[in-house]
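Trainee:
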Amino acid sequence: MPAKVDMDKIVSLCKRRGLIFPSSEIYGGLASCWDYGPMGVELKRNVRDAWWKSIVHERDDVVGLDTSIMMHPGVWAASGHIDSFTDPLVECKSCHLRWRADAIEGKRCPKCDGELTEPRMFNLMFKTSMGPVEEEASTIYLRPETAQGIFVNFDNVITTSRKKLPLGIAQIGKSFRNEITTGNFIFRTREFEHMELEYFVKPGTDEEWLDYWVKERFDWYVKLGIRKENLRLRQHGKDELAHYARDCYDIDYLFPMGWSELEGIANRGDFDLIQHAKHSGKDLGYYDAEAGEKYVPYVIEPSAGVDRSVLAFLIDAYDEEEIEGEKRTVLHLHRSLAPIKVAVLPLSRNEKLTPLAKEVFNKLCPSFVTDYDDSQSIGRRYRRQDEIGTPFCVTIDFESLEDKQVTIRERDSLAQIRVPIEELGKILGAKLKGEAFDASALWATRQK
Ligand code: ATP
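For the sequence shown, the positions run 0 to 447 when numbering that gives the first Met the number 0 is used.
1. My assumption, with CB atoms under 8 angstroms, is that residue 199 sits in contact with residue 223. Please give the rounded CB distance.
2. On a CA-only basis, which of 371, 375, 376 and 402 is nearest residue 391? Give me that one, please.
3. With distances taken between CB atoms, is the gap from residue 242 to residue 143 smaller than 8 angstroms?
4. How far does the alpha helix (DSSP H) with residue 207 in it reach, from first residue to last?
5. What would DSSP say about residue 1, mapped onto helix, strand or coil?
6. Under DSSP, the alpha helix (DSSP H) around residue 80 begins and ends at which residues?
7. For the ligand ATP, I want to know if residue 410 counts as a neighbour, meaning its beta carbon is within less than 7 angstroms of at least one of the ligand's heavy atoms.
8. Assuming residue 248 and residue 213 form a contact by the criterion Cβ under 8 angstroms, report the distance between their Cβ atoms to the nearest whole angstrom.
9. Can you tell me the Cα-Cα spacing of residue 55 and residue 111, whole angstroms?
10. Would you mind working out which of 16, 72, 178 and 260 sits nearest residue 120, comparing C-alpha positions?
11. Where residue 342 and residue 219 are concerned, what is the direct C-alpha to C-alpha distance, given to the nearest angstrom?
12. Go ahead and pull the three-state DSSP assignment for residue 14.
13. Who are the Cβ neighbours of residue 311 in its own chain at under 6 angstroms, not counting the five residues just before and after it?
14. Under three-state DSSP, which class holds residue 447?
15. Tell me whether the beta-carbon of residue 346 lies closer than 8 angstroms to the beta-carbon of residue 396.
16. Compute the minimum distance between the beta carbon of residue 261 and the heavy atoms of the ligand ATP, and state whether it is under 7 angstroms.
17. By the DSSP assignment, the beta strand (DSSP E) with residue 150 in it spans what residues?
18. Please state whether the Cβ-Cβ distance between residue 12 and residue 39 is less than 8 angstroms.
19. Given this structure, state the Cα-to-Cα distance separating residue 170 from residue 93, to the nearest angstrom.
20. Within 10 angstroms of the Cβ of residue 337, are there 16 or more other Cβ atoms? Answer buried if so, exposed if not.
21. When you measure from the CB of residue 83 to every non-hydrogen atom of the ligand ATP, does any distance come out below 7 angstroms?
22. Anyone know if the C-beta pair for residue 207 and residue 300 falls short of 8 angstroms?
23. Please report the distance separating the alpha-carbon of residue 96 from that of residue 187.
24. Tell me whether residue 63 sits in a helix, a strand or coil according to DSSP, three-state version.
25. Buried or exposed, going by whether 16 or more other CB atoms sit within 10 Å of the CB of residue 41?
26. Can you tell me where the alpha helix (DSSP H) holding residue 265 begins and where it ends?
27. Across the stretch 262-274 and the stretch 143-160, are there enough close Cβ pairs to call them in contact, namely three or more that are closer than 8 angstroms?
28. Determine the extent of the beta strand (DSSP E) in which residue 415 is found, giving its start and end residues.
29. How would you label residue 129, buried or exposed, when you count the other beta carbons within 10 angstroms and need 16 or more for buried?
30. Leaving out five residues before and five after residue 195 in sequence, what residues of the same chain have Cβ atoms less than 6 angstroms from its Cβ?
31. Helix, strand or coil for residue 46 per DSSP?
32. Residue 284 and residue 366: beta carbons closer than 8 angstroms?
33. Buried or exposed: residue 263, going by 16 or more other Cβ atoms within 10 Å of its Cβ?
34. Whose C-beta lies closer than 7 angstroms to the C-beta of residue 286 among residues of the same chain, with five residues either side of it excluded?
35. Would you call residue 361 buried or exposed, if buried means 16 or more other Cβ atoms sit within 10 Å of its Cβ?
Here it is in structure tokens:
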């Protein structure tokens, strides 16, 4: 079943509505780099916050961490990234385009059908040098995952957090991979943001915890509005597993280019802690007081991309509808992800309406991310808010000056209710929490 929207429509909406722009656009752009605009930065922050809330704040067995992007080069030798974080690269002998050998079909160049070179392993880590002297000793790498910052701090966190296993350590931050082939908008880029959880467990309980986290993470996307039929689980074959993994599941999403990985959940076993203990000389074992034994924990790792999640949420929310003979484009984003929660729209830029509309805006904006817009016709302003997924518009008209009531318009149902300004904050608060709100009493007020 193909996804109903093609990527071009998403890219164009993102540009038009200030969600995502090509990076360095006035210089012609930089391949596979993107900038998040005023609406995009809110959406991205909401995705991060939703992850952090469900992984860290709503649990007592996970703590957060924020480690540096540049780390001691020994970390990457120990983790296996210097030797094994590679993709097989082939180059076309005619047009010189480079391809990931495992991502193309057949033995000829997909662009010009030219002959390809033999594959060679290409390391995906970006190298740079630290300090003013460019010599081998100062070579460092930009992290390709945030996980290693967590492993090297395992002992620091265990000894300071007073928590017992099972214990998770979560981190959100930038990662860098010199991908051979990028593309599909923000799906695969060379700079992206990771949301990673390393969940440390007693060996022997790891398979159970892997199942648990696969389910948790799948449900997270569904809870935030992604349709179940656009998600699937896929277990990695033995030949596909990364060098550190004992088992791994992908949560795939039906992107416009077909089923592709949205998130990976891996059982990393004790690979990383053993490697770091070996290379650093520091004991990274854990003393389990309840069991009266010491062991090296196993690790379950749900690893997701912020940008790739943003893309999936955008695609799944996108819709084109016909309303009374007119076409509207709408993002049915979950209310917690929508960049703007409420738009305050005076019917027109009439000087009599402006003070009350501003008063309403000032009242709402400390509690909700609120937009104020009085340009162009009300219809065009509704359409603009629909396109960025604003769940509620509040309209102030001339009657509002008399009865101190305003109209709330709901994005999805297009239902409108008229409510007293005094009650507005309370009503919007309830609606944004997803609570049902019985407006019948308010209608009664109006009819009196
Ligand atoms: P892929 O095979 O798609 O390149 P991967 O299996 O190498 O991904 P992981 O190392 O499992 O990816 O990373 C976990 C998650 O991080 C991915 O599911 C994806 O959401 C995100 N991610 C990884 N690489 C990129 C990238 N280059 N651009 C954007 N997001 C990425």
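We put the CB at the ideal spot given by N, CA and C, even for glycine.
If you're wondering where the values come from, they're calculated on a predicted model, not measured in any experiment.
Mentor: Answer, in terms of the structure:
1. 26 angstroms between Cβ atoms; not a contact.
2. Residue 371 is the option with its Cα nearest to residue 391.
3. No, the pair does not count as a contact, with Cβ atoms beyond the cut-off.
4. Element bounds for residue 207: 205-222.
5. Reliability of the predicted coordinates at residue 1 is poor, the pLDDT of 39 falling under 50, and the value obtained from them is presented with this limitation in mind. Three-state DSSP puts residue 1 in coil, outside helix and strand.
6. Per DSSP, residue 80 belongs to the alpha helix (DSSP H) from 80-83.
7. Result no, Cβ not under 7 angstroms from the ligand ATP.
8. Yes, residue 248 and residue 213 are in contact; Cβ-Cβ is about 5 angstroms, under 8 angstroms.
9. Approximately 49 angstroms between the Cα atoms of the pair.
10. The residue with the shortest Cα to Cα distance from residue 120 is 178.
11. Spanning the two alpha carbons is a distance of roughly 27 angstroms.
12. If DSSP states are grouped into helix, strand and coil, residue 14 belongs with the helices.
13. So the qualifying residues of the chain are 252 and 261.
14. Unreliable placement is indicated for residue 447, whose pLDDT of 36 sits below 50; the coordinate value is still reported in the next sentence. Reduced to three states, the DSSP call for residue 447 is coil.
15. One thing to note: residue 346 has its Cβ within 8 angstroms of the Cβ of residue 396.
16. Look at residue 261: its beta carbon is less than 7 angstroms from one of the heavy atoms in the ligand ATP.
17. Looking at the DSSP string, residue 150 is not in any beta strand (DSSP E); the run it does join, the alpha helix (DSSP H), is 146-150.
18. No. Outside cutoff.
19. Taken atom to atom, the span from the alpha-carbon of residue 170 to that of residue 93 is near 44 angstroms.
20. With at least 16 other beta carbons inside 10 angstroms of its own, residue 337 counts as buried.
21. Outside the cutoff, so no.
22. In this structure, the beta-carbon distance from residue 207 to residue 300 does not fall below 8 angstroms.
23. Computed Cα separation, rounded: 18 angstroms.
24. Judged by DSSP in its simplified three-state form, residue 63 adopts strand.
25. Result: buried.
26. From DSSP, residue 265 is part of no alpha helix (DSSP H) but of the beta strand (DSSP E) over 257-268.
27. The stretch 262-274, when compared against the stretch 143-160, does touch it at the 8 angstroms Cβ threshold.
28. Run containing residue 415: 415-419, per the beta strand (DSSP E) assignment.
29. Classification for residue 129: exposed.
30. Once the five neighbours on either side are set aside, the close Cβ partners of residue 195 are 145, 146, 170 and 302.
31. Correct three-state label for residue 46: helix.
32. For residue 284 and residue 366, no; Cβs fall outside 8 angstroms.
33. By the neighbour-count criterion, in which 16 or more other beta carbons inside 10 Å mark a residue as buried, residue 263 falls on the buried side.
34. So the list reads 293, once near-sequence residues are dropped.
35. Under the 10 Å beta carbon count, residue 361 is surrounded by fewer than 16 other beta carbons and is classified as exposed.
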